[in-house]
Amino acid sequence: MKITAIRPFPVWVGIRTQLLVKVETDEGIFGWGESGLTGREKAVVGALEHFAEIIVDMDPFNIAGIWQKLYRSQYFEGGRVLAAAQSAIDIALYDIKGKALGVPVYQLLGGKQRERIPTFATTSGEPGEAMIEQAQMLMEEGWTAMRLSPSGHDETIYEPREHIATTAKWCVKAREALGSDVVLGVDYHHRLSVAEAASFCQKMPSGTLDFLEEPIRDEAPEAYEALRRMTDIPFAIGEEFASKWQFLPYIERDIHQFNRIDVCNVGGLTEAMKVAGWSEAHYVDLMPHNPLGPICTAATVHFAAAVANFSWLETRSSPAEKHLGFDNSDLFPVQPRLERATYPVPDAPGLGIEINEELVRKQDFKFWQAPMLSRRDGSVTNW
311 MKITAIRPFP VWVGIRTQLL VKVETDEGIF GWGESGLTGR EKAVVGALEH FAEIIVDMDP
371 FNIAGIWQKL YRSQYFEGGR VLAAAQSAID IALYDIKGKA LGVPVYQLLG GKQRERIPTF
431 ATTSGEPGEA MIEQAQMLME EGWTAMRLSP SGHDETIYEP REHIATTAKW CVKAREALGS
491 DVVLGVDYHH RLSVAEAASF CQKMPSGTLD FLEEPIRDEA PEAYEALRRM TDIPFAIGEE
551 FASKWQFLPY IERDIHQFNR IDVCNVGGLT EAMKVAGWSE AHYVDLMPHN PLGPICTAAT
611 VHFAAAVANF SWLETRSSPA EKHLGFDNSD LFPVQPRLER ATYPVPDAPG LGIEINEELV
671 RKQDFKFWQA PMLSRRDGSV TNW
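For this note's numbering, count along the sequence shown from 1 and bump the result up by 310.
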């Protein structure tokens with residue numbers, strides 16, 4: 311069997327673009343992958359065109375060798391654009407191999423260690439009574455872990471100091487209303503400085519939050535170490551990491567407790583499994599990032615089934631966010647479906663998904679840009 315083509319499809323799903331990637335072979339077996347670099351799809355398409363020149367005519371079963379070929383056979387290796395392209399190819403190759411052998415992808419990763427994949431859901435309302443009501447609804451639907459909404463998430467002018475007090479106040483109220491059993495966290499989307507993040511943490515009694523996700527940017531592990539000394543809240547970090555090497559200082563210096571690994575950004579399932587084993591050795595749990603669509607969900611479900619140190623998979627298909635439409639059934643007639651708060655592990659060959667390619671091919675590219683936030687003085691701040 312040989313690879314004959316790589317076909318990228320940037321399609322509009324729900325509220326933004328997703329980059330789906332099809333890898334074809336000369337035996338008619340094909341696989342699907344997905345890129346996680348949201349908002350920069352055209353850059354990833356360009357990288358895929360370069361990669362196609364390298365891997366067409368190669369054996370798709372040689373997944374690890376292809377990974378090394380793509381990563382190391384160039385002077386300027388790595389980076390988020392190249393890793394996102396490589397991730398999509400890698401996932402598609404696992405889909406091909408599973409289909410060709412008649413086994414689900416988790417069997418290619420060592421077999422499954424769990425039958426169902428627990429998830430965490432996210433409230434979509436601003437901090438307030440509506441947020442707490444959504445959280446209570448999620449608990450009634452079976453969720454025991456969830457992420458609360460930070461204040462100011464939908465605004466274009468963002469002043470961190472004006473929002474951390476409000477968010478902290480409603481996190482405390484949520485803990486009081488929901489009880490001590492449910493796992494609660496907040497995603498700050500790296501919007502804060504070290505001082506602002508420390509101030510946010512110090513406004514809440516110990517035990518209010520079980521995790522704080524991406525409070526600051528990740529470029530300087532030393533900054534996270536400084537924040538680590540100022541709070542006892544566990545950190546969930548890593549959704550934007552594009553290699554095992556980006557995880558290295560965080561794992562080996564015991565900076566964080568949850569890896570927000572994204573199989574569509576980190577280098578696919580091949581790289582994700584290496585990070586998983588490394589994390590297991592340091593007692594760091596996996597809490598995969600999954601804000602994309604059914605291909606990412608399916609790949610991550612297989613990954614989650616095959617690793618030991620797994621906590622929860624992010625889902626954007628809960629009743630609190632169903633309106634986002636990321637699991638479009640017209641485009642993805644066969645896909646992972648939530649059963650209350652868990653995904654059953656599928657046993658179909660490959661990823662166990664089907665794509666309506668006819669509908670995919672009819673779509674024209676639509677540009678999507680993440681919100682570009684500013685402070686009141688006109689300066690740029692993080693989204």
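All C-beta atoms in this analysis are idealised placements derived from N, C-alpha and C, irrespective of residue type, glycine included.
{"query": "Could you compute how far the alpha carbon of phenylalanine 551 sits from the alpha carbon of glycine 662?", "result": "26 Å"}
{"query": "Quick check on alanine 651: does DSSP put it in helix, strand or coil?", "result": "coil"}
{"query": "Flag this pair as yes or no: are the beta carbons of alanine 618 and glutamine 423 separated by less than 8 Å?", "result": "yes"}
{"query": "Distance, Cα to Cα, histidine 592 vs alanine 546?", "result": "15 Å"}
{"query": "Do you know how far the Cα of glutamine 328 is from the Cα of arginine 501?", "result": "24 Å"}
{"query": "Report all residues from its chain with a CB closer than 8 Å to the CB of isoleucine 365; omit the five preceding and five following residues, and keep chain order.", "result": "Ile313, Ile316, Ile376, Lys379, Leu380 and Ile399"}
{"query": "Can you check whether the CB of threonine 476 is closer than 8 Å to the CB of alanine 630?", "result": "no"}
{"query": "Return the CA-CA distance between glutamate 351 and tyrosine 416, expressed in angstroms with no decimal places.", "result": "28 Å"}
{"query": "Mapping the DSSP letters down to three states, classify glutamine 328 as helix, strand or coil.", "result": "strand"}
{"query": "Mind listing, in chain order, the continuous beta strand (DSSP E) runs of no fewer than 3 residues lying wholly within the segment 459 to 540?", "result": "493 to 497 and 521 to 523"}
{"query": "Is the beta carbon of asparagine 638 sitting closer than 8 Å to the one on glycine 324?", "result": "yes"}
{"query": "Determine the DSSP secondary structure at alanine 546, reduced to helix, strand or coil.", "result": "strand"}
{"query": "So who's on the other strand from arginine 426, going by DSSP bridges?", "result": "Pro654"}
{"query": "So does serine 589 have its beta carbon nearer than 7 Å to some heavy atom of the ligand ATP?", "result": "Summarising the ligand content, the structure contains no ligands, and the ligand ATP is consequently not present."}
{"query": "If I measure Cβ to Cβ from leucine 596 and keep anything under 7 Å in the same chain, skipping five residues before and after, which residues do I get?", "result": "Asn569, Ile571, Ala586, Ser589, Val617, Asn619, Phe620 and Ser621"}
{"query": "Using the beta-carbon count (16 or more within 10 Å), is glycine 421 buried or exposed?", "result": "exposed"}
{"query": "Looking at C-alpha atoms only, which residue of Glu667, Thr466, Gly495 and Lys479 is the closest neighbour of phenylalanine 430?", "result": "Gly495"}
{"query": "Is methionine 456 buried or exposed, if buried means 16 or more other CB atoms sit within 10 Å of its CB?", "result": "buried"}
{"query": "Taking 8 Å as the threshold (C-beta atoms), are leucine 330 and isoleucine 605 in contact?", "result": "yes"}
{"query": "Out of Ala394, Ala353, Arg326 and Phe371, point me to the one whose CA is closest to glutamate 344's CA.", "result": "Ala394"}
{"query": "Assuming the contact rule is C-beta atoms closer than 8 Å, phenylalanine 675 and proline 320 should be a hit. Round their C-beta distance to whole Å, please.", "result": "5 Å"}
{"query": "Just list the residues that DSSP pairs isoleucine 313 with in beta bridges.", "result": "Thr335"}
{"query": "Once the 5 residues before and after leucine 634 are set aside, which same chain residues still bring their CB inside 7 Å of it?", "result": "Gly324, Ile325 and Arg626"}
{"query": "Among Tyr404, Ala410 and Ile427, whose alpha-carbon lies nearest the alpha-carbon of leucine 418?", "result": "Tyr404"}
{"query": "Rounded to the nearest angstrom, what separates serine 509 and glutamate 649 at their Cα positions?", "result": "38 Å"}
{"query": "Tell me the rounded alpha-carbon separation between glutamate 668 and isoleucine 373.", "result": "28 Å"}
{"query": "Just confirm the distance between the C-beta atoms of cysteine 511 and isoleucine 543, as a whole number of angstroms; I'd bet it's less than 8 Å.", "result": "6 Å"}
{"query": "I need the straight-line Cα distance from glutamate 535 to glutamate 524, nearest angstrom please.", "result": "13 Å"}
{"query": "Apart from the five residues just before and just after proline 643, which ones in its own chain have a Cβ nearer than 7 Å to its Cβ?", "result": "Glu664 and Asn666"}
{"query": "Between lysine 584 and the rest of its own chain, which residues show a CB-CB distance below 6 Å, the 5 nearest in sequence each way excluded?", "result": "Lys554"}
{"query": "DSSP beta-bridge partners for glycine 252?", "result": "Outside the displayed range of the chain (311 to 693) lies residue 252, so it cannot be described from this structure."}
{"query": "Where does leucine 347 sit, in a helix, a strand or coil, going by DSSP?", "result": "coil"}
{"query": "Which ranges would you report for the alpha helix (DSSP H) in the segment 580 to 621 if only whole runs of at least 4 residues count?", "result": "604 to 616"}
{"query": "Output needed for valine 413: all residues of its chain with C-beta closer than 8 Å, excluding positions within five of it in sequence on either side, in chain order.", "result": "Pro659"}
{"query": "On the three-state DSSP scale, how would you describe methionine 441?", "result": "helix"}
{"query": "What residue range does the alpha helix (DSSP H) around valine 670 cover?", "result": "667 to 672"}
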